[in-house]
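Right, one structure below, let's go through it.
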Amino acid sequence: MSGTVKKVADAAVKAGRTIDWDGMAKMLVSEEARKEFATLRRTFEDVNHQLQTKFSQEPQPIDWEYYKKGIGSKVVDMYKEAYESMEIPKYVDTVTPQYKPKFDALVVELKEAEKASLKESERIEKEIAEMKEMKKKISTMTADEYFEKHPELKQKFDDEIRNDYWGY
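Residue 164 in this note's numbering sits at position 129 of the sequence shown; the count goes up by one each step and never skips.
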């Protein structure tokens, strides 16, 4: 195998060590997301394992003399010459340059979505706290106290009364 494949395999191992799988798993909320994440992790580990075992090893050298004894030197020499003249083209990565900008844009979009999500979480937490407080006070709260917290409703009711609209 070429040295390039070995470099890719080594890079995959280093990448696998730097990924915080447990930290990412803690951020997942839905069961479906956890299943997809587990599948992603398994797939990554399978590919990483294959890179380490299958593709990082150099092939065994061919024992041409062994084959010459069994088959004959004329046929073996012909195969040896063809084998040695064969050139394996170097891999040129044309995919990464195409997708790297798209990936970087997605990362930026993800960070923006994360910020929006955190703001929405804060808003929801505040709303939950208000609801809990309202639940505690609802049995003893007067209409004036309620309208103090919700002036838009008081305005709506006042407008309906003023316009002689009683809901029917």
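C-beta: ideal position from N, C-alpha, C; glycine also.
- Boundaries cannot be given for Asp199, as no alpha helix (DSSP H) includes it and DSSP labels it neither H nor E.
- The beta carbons of Leu63 and Phe72 sit about 6 Å from each other, so the pair counts as a contact at 8 Å.
- With respect to Tyr102, Tyr114 sits close: the two C-beta atoms are nearer than 9 Å.
- Look at Ile97 here: in three-state DSSP terms it is coil, with no helix or strand label.
- Runs of alpha helix (DSSP H) with 4 or more residues, each lying fully within the stretch 67-138, are found at 99-106, 108-120, listed in chain order.
- The three-state reading of DSSP puts Leu63 in coil, since its state is none of H, G, I, E or B.
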